[in-house]
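Peer 1: Residue numbers (the working numbering), protein chains in the order written: chain R, 1 to 305; chain U, 306 to 1054; chain A, 1055 to 1209.
Quick one: this structure, given as structure tokens, is what I'll be asking you about.
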Amino acid sequence: MKSSIADFAVISPRTLAEALASLRQTPPPVPLAGGTDIMVLLNAGQLEPGVYLNLYSVPELRRPIEVSAGVRDAGTWGAGGADPPGEVRLSALTTYADVRRHAEVRRLLPMLPLAAREIGAVQIQSRATWAGNIANASPAADGVPPLMAYDATVELSSAAGVRQVALSEFYSGYKQTARRPDELITGIRIPVPAPGSIDYFRKVGTRKFQAISKVLLAGLVELGGSREIRKIRLVFASVMPFTYRARKTESVLEGRRLEPGAVSLAVETLRTELKPIDDIRSTARYRLKVACNLLEEFLGTTMGC
Amino acid sequence: MPDVLTTPAYRWVGHNPPRKESLEKVTGSAKYLDDLKFEGCLHGKTVRSTVPHGRIKKISFEPGVPWDEFTVVTARDIPGKNVVSLIELDQPFLADGLVRHMAEPVVLLAHPDKGMAEKAVKRVHIEYEELPAILTIEESLAGGNIQYGKDNIFKKYHIQKGDPESVWPKADVVIEGEYWTGPQEQLYIEPQGVVAVASPTGGVTVWGSMQCPFYVHKGLKPLFNLPDDRVRVIYTVTGGGFGGKEEYPTLPAGHAALLSWKAGGRPVKIVYDRMEDMWATTKRHPCKTRVKAAFTKDGKLLALKVDATMDGGAYVTLSTVVLSRGTLHAFGPYACDHVVIDTRAVFTNSPPYGAFRGFGAPQTIFPLELHLHRAACELGIEPHELRRRNLLHQGDRMATGQVMQEETGLEGLMWKAMDESKYLEKTKAYREHNRSSTRIKKGVALALFFHGAGFTGSGEVFLDSKAGLELTRDGAVRILSANTEIGQGSFTTHSQIVAEELRIPYEMVEVAVPDTAVVPNSGPTVASRTCMVVGELLRRAASDLKEVLVKSGALAGNGHTPSEFRAAAGKYLQRFGELKVYSKYKPPPDVSWDDKTYTGSAYAAYAWACYVADLEIDMATYQAQMKDFVAVQEVGRVIHPVIAAGQIEGGVAQAIGWALYEDVALKQGVMQNCQLTNYILPTTADTPPIRVFFYENPYQNGPFGAKGLGELPMDGPAPAIAAAVAFALGDRIIPRIPILPETILDAIS
Amino acid sequence: MSAPAEEKSSFVINGKSWSGAVHPLKRLLDTIREDVGLTGTKEGCGEGECGACTVFLDGQVVMSCMVPTCQAEGKQITTIEGLAENGRLHPMQESFAQEGGAQCGICTPGMIMAAVAYARDPGSAEDMREALAGNLCRCTGYIRIFEAVKKAMAK
Ligand SMILES: Cc1cc2nc3c(=O)[nH]c(=O)nc-3n(C[C@H](O)[C@H](O)[C@H](O)COP(=O)(O)OP(=O)(O)OC[C@H]3O[C@@H](n4cnc5c(N)ncnc54)[C@H](O)[C@@H]3O)c2cc1C
Ligand code: FES
Ligand code: FES
């Protein structure tokens, strides 16, 4: 290990209020969730010395996954019966393992367990949190694209109150996020997609498991009766300096019928929209080509449905 | 149970008794170096160079650090010679004035607190006058910047048989190609670690994770100017080596000892973290090879020319012998009248490349086998058939002039491998599939090869190894050998051999901890020699020990029960106090080698093999994924089938890594992806089923017929995999490894 | 360079309570090895990649190099030393020994912990390869390990 722990201190608040109050100090303590990003930095001698805020000691941040009812839509859910599920809420310390084990989430938001399964290995999944993945703001974060494709919002709490920020508005540049240093992510809210939505999740990593992404696409499409694209989300990890929603390509597709011409147009648009990164894990050229391949695969298989 | 095509006629040999050390390993009670506690231990750290070539102008110690609490060592503190004794005397323990590669040790620090020691490393500042660096083979050979000898060449070899030059103009087809194999990190899971206690009065004692205690012993004597008996090196349970703990541990051992010496004899522990281990220690030599081959149109190999250059790094270390083994495997198991092999190892300003399973052979087998695949494609002959037409048979001469005294059995191995892998069906089905599918491309291909067991040429004679046995107080037998258990099962196979020879239960054989103060020098634990060469020494020692007991009248000459053996041992010990029996290496009678002309019997015995790789390439991601692997080999008598299969499977997996995943990204000559998140090893999910089959053709000079097998599995997979990739891509050869998805994309677009 | 700010820490390890003064950010791996004194849990990388440090934390498999000790407060920890019961090896340990699942042995404690976790809850991963993908072994090529796990699970 390349650090000396003597350079660090940890505070373990008992309540959320205490935790939020502590964040008003300058400099504010740094949140410590599952530690799977922070402990890696500690090991590599790259963790900023200072005070860390242990979220594990705060019971309010460890709530189980909540599934709440949505507004009844008579057309799709029929008359009578229970209210359809409308929203899933993950708490700050919800882990990938929690999601993999949750039968209802598996059914309602199938991309989440797919992503969870491919993040690190089981030992990482039992510690690592979705909120940590969002806050860490790595361009290679695998949990973020499916959340963003599902139009998730991030619940940010500070001593001053709570605000909701759309995840697709959360990032503005490399490691730049909407979170203020005095805020904690206290929850992630994910609306259940319209029935009949088709999703696509594919991670291309350096190997099958225990791999950082080189390219990842999470896609969600809502088709109308005559196969016109009502709404589409295309979210990439590891291609751009931050999790990237390909809005230009989305807008080219929205309103169009899903047919071969639309697919090639979309791929062409994506090819110019992306400005991929070159790094130790892969090349810009590879990323661009594979990103286009994944889009083609997504739209192609959807068309085949 | 692994498949062995034999009928075991023995009580222990050919069976699978529990490994000697498995109980400790599965319960977590085995003590590896870092598990040992030493009272008052200091933690040692190494401050390393940050330029590839430069003169040290100034070393300064940043204020604000309690330096008086530290032990600090530089080259000036060395009591003896600042040179690692290996083949050449060119590498210092600590850079003195000049640094020749990144990550070269310059200053040593020790402190009782690990965190303090770690932090202080960054507070030592070394200023350099940077000098021009040589970072590639091409730059090294270009002249201009000469840093070693007259031409930057550590060593050259030339083998000549016939005259290929006369053949090129006459041949139907001449095919040329250039190939590259990248460096590879051994990546034993236990990093390098040593503890030393050293002082002028007490001498030097070192405990460590290592393959070769006597290499360390040899390295430490001149460093402290001490005689043999004042330096003691003790093996601790070693968590993997693969060559990476062959020559390298001498450096940290010397460093810890220097710190302890200066700290008044307090124990000093140096354990590298993973990043330091990857950054600073040896790797497999990268190698660039040109192959030129002439054929008749029906595939007879008329002439072969191989020209290979290995990057040796900044010091000679073992490069000359790695190159030698590469040279002697460059021509493969084929009969050819006209062969020329030219090889060289060159200087660059990289950390020295070093021993790694296969020891140069995988680097030259890869180009040859892939070239034959290419030739088969170009000639329109099935790759297995091209091989079959050129195989070495009894009476044929290798390029070195060695005459094959018996059939290699290679053709049978090939058919077996093809059978087990359904090779012929698959080649047909995959061609069909690849014509219609654009999403997934499938490939299957084979490689044939041999691996020479034991040291090259006259190496074993120079080693002059000695191993022995002693009777223990309770009438059992203890093995005295310097050969270490590094996972390959040597404690177990040696015990089986001794038990078999003495006709006593395996449980009655113990193994002494390899400790230079206790065991004789039975040579290094390398080169697939431990079972074959040292095993035979032990078998002879066992036979001599029995004879001593019989002659003394304690043991009947015509068979005995375990309790009779115990009683006899007890009787003997009562009368004579102790019984230690040693045996020394004797070269097999029919083996001779000429180092000057590089002719003769390069190895006393060869293992033969045919491997088949089966894979798929996903054309959306360009990732090649192994689907199946078949490894068929003839390794003489298989002493312990489970251990033997484990060796093959582990070697194949390591070679899959080399071929498809493991990319050492060099910058300024040194690895920059020094984390396991960036250096990609195959996990359980990337390793295919590996199906292992042994044929046994007992070797008369090996213990119960055993030959070596530890390195063999590193040789064959890479060319088989690269050829399978070529198959999948419609005969498009990618001549370099690792074949990453990015490589495949570049190759097809 | 000040003295570490240690705090009292307590947890139950292999069924026995333990408490001591430990820096809250100290890797659980180091606390187990240095403070509790159980060295069966190994360090292969310190970056969460190799699995040599795998232990159970409240019944879940974790990399102990990734867990700050403060987050083990009050929890149950099981290490390789805690698998054997009344001096009898766990079936997984037995089959690793018999099937050649341990070569150099440095990955073995972590590998066995991950394998035991999978055997207890086969639903935790889609198959054995996935369940063990967090545990690197450089010696075996994993084949004997698969044999060992299958055999132990069949028992
Ligand atoms: C071996 C290994 C493999 C990995 N594989 C993957 C992978 O495949 N894909 C992937 O995406 N990631 C991977 N990661 C990275 C990591 O596991 C994830 O990013 C994880 O989701 C981080 O969650 P955590 O709870 O462990 O975060 P921590 O390390 O505790 O924190 C991460 C960051 O988020 C901040 N933070 C945490 N929680 C909050 C909160 N509630 N409010 C505000 N800020 C907060 C922290 O201050 C810190 O900056 C891997 C890590 C390791 C060690
Ligand atoms: S040491 Fe913890 S995962 Fe490698
Ligand atoms: S047995 Fe050596 S790393 Fe697994």
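For glycine and all other residues, C-beta sits at the position ideal for the given N, C-alpha and C.
How is E921 (chain U) classed by DSSP in three states: helix, strand or coil?
Peer 2: As a first step, residue 921 (chain U) must be located in the second sequence, where it is residue number 616. In the structure shown, E921 (chain U) sits in a strand (DSSP, three-state: E or B).
Peer 1: Any heavy atom of ligand 3 inside 7 Å of the beta-carbon of I995 (chain U)?
Peer 2: Within the second sequence, the letter at position 690 stands for residue 995 (chain U). Every heavy atom of ligand 3 is 7 Å or more from the Cβ of I995 (chain U), so no.
Peer 1: Compute every distance between the C-beta of M1117 (chain A) and the non-hydrogen atoms of ligand 5, then say whether any falls below 7 Å.
Peer 2: Annotation note on ligand 5: not contained in the displayed structure, which lists ligand 1, ligand 2 and ligand 3 as its ligands.
Peer 1: Would you say Y916 (chain U) lies against chain A (beta-carbon separation less than 8 Å)?
Peer 2: The count along the second sequence starts at 1 and reaches residue 916 (chain U) at position 611. So no, Y916 (chain U) is outside the interface.
Peer 1: What is the DSSP secondary structure of R942 (chain U), counted as helix, strand or coil?
Peer 2: Stepping through the second sequence from its first residue, residue 942 (chain U) is reached at position 637. If DSSP states are grouped into helix, strand and coil, R942 (chain U) belongs with coil.
Peer 1: Using a beta-carbon distance cut-off of less than 7 Å, what residues from the stretch 921-953 of chain U approach chain R?
Peer 2: The residues in question are A925 and T926.
Peer 1: Starting from I646 (chain U), follow the alpha helix (DSSP H) in both directions and report where the run begins and ends.
Peer 2: Looking up residue 646 (chain U) in the second sequence gives position 341. Counting along the chain, I646 (chain U) falls outside any alpha helix (DSSP H), though it belongs to the beta strand (DSSP E) covering H643 to F652.
Peer 1: Excluding the 5 residues flanking L436 (chain U) on each side, which residues of the same chain have their C-beta closer than 6 Å to its C-beta?
Peer 2: Counted from its first residue, the second sequence places residue 436 (chain U) at position 131. If we look at L436 (chain U) and ignore the five residues flanking it on each side, its Cβ neighbours are H358 and G359.
Peer 1: Residues of chain U with CB under 8 Å from L1111 (chain A), in chain order?
Peer 2: Position 57 of the third sequence, counted from the start, is the residue given in the question as residue 1111 (chain A). Within chain U, no residue comes near L1111 (chain A); the closest Cβ sits about 17 Å away, beyond 8 Å.
Peer 1: Leaving out five residues on either side along the sequence, give the residues of the same chain with a beta carbon under 6 Å from the beta carbon of C1158 (chain A).
Peer 2: Along the third sequence, read from residue 1 onward, the residue named residue 1158 (chain A) stands at position 104. Correct list, in chain order: C1193.
Peer 1: Quick check on DSSP: helix, strand or coil for Q452 (chain U)?
Peer 2: Locating residue 452 (chain U) in the second sequence gives position 147, counting from the first residue. Here Q452 (chain U) sits in coil by DSSP.
Peer 1: Tell me, please, whether the CB atom of K208 (chain R) is closer than 8 Å to any CB atom in chain A?
Peer 2: Translated into the one-based positions of the first sequence, residue 208 (chain R) becomes position 208. Cβ-Cβ to chain A under 8 Å: yes for K208 (chain R).
Peer 1: Tell me whether N863 (chain U) is buried or exposed, calling it buried when 16 or more other Cβ atoms sit within 10 Å of its Cβ.
Peer 2: The residue labelled residue 863 (chain U) in the question sits at position 558 within the second sequence. With fewer than 16 Cβ atoms within 10 Å of its Cβ, N863 (chain U) is classed as exposed.
Peer 1: On a Cα-Cα basis, can you pick out the residue from U:T648, U:V855, U:I364 and U:P1046 that is closest to L446 (chain U)?
Peer 2: On the second sequence, position 141 is the one that residue 446 (chain U) refers to. Ranking the options by Cα distance to L446 (chain U), first place goes to U:T648.
Peer 1: Could you give the first and the last residue of the continuous alpha helix (DSSP H) run that contains Y520 (chain U)?
Peer 2: The sequence position of residue 520 (chain U) within the second sequence is 215, counting from 1. Counting along the chain, the alpha helix (DSSP H) containing Y520 (chain U) begins and ends at P518 to F529.
Peer 1: Using a Cβ-Cβ cut-off of less than 9 Å, give me the residues of the stretch 973-993 of chain U that come near chain R, in sequence order.
Peer 2: Under the 9 Å Cβ criterion, the stretch 973-993 of chain U contributes Q977, N978, Q980, L981, T982, N983, I985, L986, P987, T988, T989, A990 and D991.
Peer 1: What are the start and end residues of the beta strand (DSSP E) that includes D616 (chain U)?
Peer 2: Position 311 of the second sequence, counting from 1, holds the residue named residue 616 (chain U). Segment L606 to G618, the beta strand (DSSP E) holding D616 (chain U).
Peer 1: Looking at ligand 2, does it come within less than 7 Å of E1097 (chain A), judged from the CB to the closest heavy atom?
Peer 2: What you label residue 1097 (chain A) is simply residue 43 of the third sequence in a count that begins at 1. Correct: E1097 (chain A) has its Cβ closer than 7 Å to ligand 2.
Peer 1: Less than 8 Å between the beta carbons of Y493 (chain U) and P819 (chain U), yes or no?
Peer 2: Counted from its first residue, the second sequence places residue 493 (chain U) at position 188. Counted from its first residue, the second sequence places residue 819 (chain U) at position 514. Not a contact, by the Cβ cut-off of 8 Å.
Peer 1: Alpha carbon to alpha carbon, how far is L628 (chain U) from G665 (chain U)? Give it in angstroms, no decimals.
Peer 2: Numbered from 1 along the second sequence, position 360 holds the residue referred to as residue 665 (chain U). Numbered from 1 along the second sequence, position 323 holds the residue referred to as residue 628 (chain U). Rounded to the nearest angstrom, the two C-alpha atoms are 6 Å apart.
Peer 1: Name the one or two DSSP bridge partners that I1131 (chain A) has.
Peer 2: One-based indexing of the third sequence puts residue 1131 (chain A) at position 77. Per DSSP, A:I1067 and A:L1111.
Peer 1: Enumerated in chain order, which unbroken segments of the alpha helix (DSSP H) with a length of 4 residues or greater are wholly contained in the stretch 977-1053 of chain U?
Peer 2: Counting whole runs of 4 or more residues, the stretch 977-1053 of chain U contains the alpha helix (DSSP H) stretches 1017-1020, 1022-1033 and 1046-1053.
Peer 1: Listing by chain order, which chain U residues have their CB less than 8 Å from the CB of R1198 (chain A)?
Peer 2: Here residue 1198 (chain A) refers to the residue found at position 144 of the third sequence. Near R1198 (chain A) (Cβ distances below 8 Å), the residues of chain U are V947, A950, G951 and E954.
Peer 1: Any heavy atom of ligand 1 closer than 7 Å to the CB of I539 (chain U)?
Peer 2: Taking the second sequence and counting its residues from 1, one reaches residue 539 (chain U) at position 234. Flag unset: Cβ of I539 (chain U) not near ligand 1.
Peer 1: Chain R partners of M1120 (chain A), CB-CB under 7 Å?
Peer 2: Translated into the one-based positions of the third sequence, residue 1120 (chain A) becomes position 66. Residues of chain R passing the Cβ test: G35, T36, M39 and R127.
Peer 1: Return the Cβ separation of L399 (chain U) and F375 (chain U) in integer angstroms, given the expectation that the two are a contact with Cβ distance under 8 Å.
Peer 2: Looking up residue 399 (chain U) in the second sequence gives position 94. Looking up residue 375 (chain U) in the second sequence gives position 70. 16 Å between Cβ atoms; not a contact.
Peer 1: Just checking my contact of Y244 (chain R) with G219 (chain R) at CB under 8 Å: how many whole Å lie between their CB atoms?
Peer 2: Along the first sequence, one-based indexing puts residue 244 (chain R) at 244. Along the first sequence, one-based indexing puts residue 219 (chain R) at 219. Y244 (chain R) to G219 (chain R), Cβ: 13 Å. No contact.
Peer 1: Just to confirm before moving on: does the CB-CB distance between V969 (chain U) and E490 (chain U) stay below 8 Å?
Peer 2: Here residue 969 (chain U) refers to the residue found at position 664 when the second sequence is read from its first residue. Here residue 490 (chain U) refers to the residue found at position 185 when the second sequence is read from its first residue. Cβ distance < 8 Å, so V969 (chain U) and E490 (chain U) count as in contact.
Peer 1: According to the neighbour-count rule (16 or more other Cβ atoms, all chains shown, within 10 Å of its Cβ), is F8 (chain R) buried or exposed?
Peer 2: In the first sequence, the residue the question calls residue 8 (chain R) occupies position 8. Under this definition F8 (chain R) is a buried residue.
Peer 1: Mind reading off the beta-carbon distance from G45 (chain R) to K2 (chain R)? Whole number of angstroms is fine, and I expect it under 8 Å.
Peer 2: Start at 1 with the first residue of the first sequence, and residue 45 (chain R) comes out as number 45. Start at 1 with the first residue of the first sequence, and residue 2 (chain R) comes out as number 2. The Cβ separation is near 3 Å, so the contact holds.
Peer 1: What residue ranges within the stretch 474-523 of chain U form continuous alpha helix (DSSP H) runs of no fewer than 4 residues, ordered along the chain?
Peer 2: Here no run is fully enclosed.
Peer 1: Would you call E118 (chain R) buried or exposed, if buried means 16 or more other Cβ atoms sit within 10 Å of its Cβ?
Peer 2: Translated into the one-based positions of the first sequence, residue 118 (chain R) becomes position 118. With 16 or more Cβ atoms within 10 Å of its Cβ, E118 (chain R) is classed as buried.
Peer 1: Anyone know if the C-beta pair for F934 (chain U) and P993 (chain U) falls short of 8 Å?
Peer 2: Residue 934 (chain U) sits at position 629 when you count from the first residue of the second sequence. Residue 993 (chain U) sits at position 688 when you count from the first residue of the second sequence. Contact flag set, yes.
Peer 1: Can you tell me whether C836 (chain U) sits near ligand 2, meaning its C-beta is under 7 Å from at least one heavy atom of the ligand?
Peer 2: As a position in the second sequence, residue 836 (chain U) is number 531, starting the count at 1. The answer is no for C836 (chain U).
Peer 1: Compute every distance between the C-beta of T243 (chain R) and the non-hydrogen atoms of ligand 1, then say whether any falls below 7 Å.
Peer 2: Along the first sequence, one-based indexing puts residue 243 (chain R) at 243. No, since every heavy atom of ligand 1 falls outside the 7 Å radius drawn around the Cβ of T243 (chain R).
Peer 1: To be precise: take each residue of the stretch 321-341 of chain U, compare its Cβ to all Cβ atoms of chain A, and keep it if any distance is under 9 Å. Which residues remain?
Peer 2: Those would be N321, P323, R324, E326, S327, L328, E329, K330, V331, T332, G333, S334, A335, K336, Y337, D339, D340 and L341, in chain order.
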